[in-house]
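In this text, residue positions in the sequence shown follow our numbering: the first is 304, and each later residue adds one. Glycine included, each C-beta is placed from N, C-alpha and C at the ideal position.
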Amino acid sequence: MALGIVATLQIKPDQIRHFETHFLKLAEVVLTEEPGCRLYALHRSRAAENTYVVLEQYDDEAAFALHGKYEAFKTANVPLKDCLAGPPTVELLDGVEASSTSTTEEAL
């Protein structure tokens with residue numbers, strides 16, 4: 304079952320440009336180096352200043368368990384730590400997928 308992650312990050316106002324630049328580099332590393340990562344995308348909040356949301360999706364728990372353990376990720380993540388105004392808020396989500404034994408009509 305797919306696993307979704309919604310991570311909300313508060314960024315120091317004077318670190319916004321640095322954060323965006325380095326996060327986009329990190330995202331490229333994650334998407335190319337981490338098998339099982341389907342989505343790793345940064346979004347800027349329209350409602351809350353200096354707030355960013357990272358949407359992530361992995362094939363399964365095993366793929367997520369490996370996230371962050373790759374050396375390339377660790378190296379790319381270093382410049383981001385000083386940008387955070389506080390700890391991120393992270394929510395784990397279970398993917399909703401059609402069962403191989405049910406049909407669309409049964410689901411309705």
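Item: Pairwise C-alpha distance: His370 and Pro338; Value: 9 Å
Item: Sufficient close CB pairs (3 or more, under 8 Å) joining the stretch 389 to 398 to the stretch 320 to 337; Value: no
Item: Meets three-Cβ-pair contact criterion under 8 Å: the stretch 342 to 349 and the stretch 391 to 402; Value: no
Item: Proximity winner among Val357, Glu400, Arg347, Thr354, relative to Asp363 (alpha-carbon distances); Value: Glu400
Item: 6 Å CB neighbourhood of Ala330 in its chain, flanking five on each side removed; Value: Tyr343
Item: Cutoff 6 Å; reference Pro316; Cβ partners in own chain excluding five residues on either side; Value: Asn353
Item: Sequence-distant residues of the same chain with beta carbon closer than 8 Å to Phe308, five excluded per side; Value: Residue identity differs from the one stated: residue 308 is Ile in this sequence, not Phe. Only Val357, Leu358, Glu359, Gln360, Tyr361, Phe367, Val393, Glu394, Leu395, Leu396 meet the Cβ criterion.
Item: First and last residue of the uninterrupted alpha helix (DSSP H) at His321; Value: 319 to 336
Item: Environment of Leu327 [buried if 16+ CB atoms lie within 10 Å]; Value: exposed
Item: Beta-carbon contacts of Ala310 that lie in its chain and below 6 Å, excluding the five residues immediately before and after; Value: Val357, Pro391, Val393
Item: Environment of Phe322 [buried if 16+ CB atoms lie within 10 Å]; Value: buried
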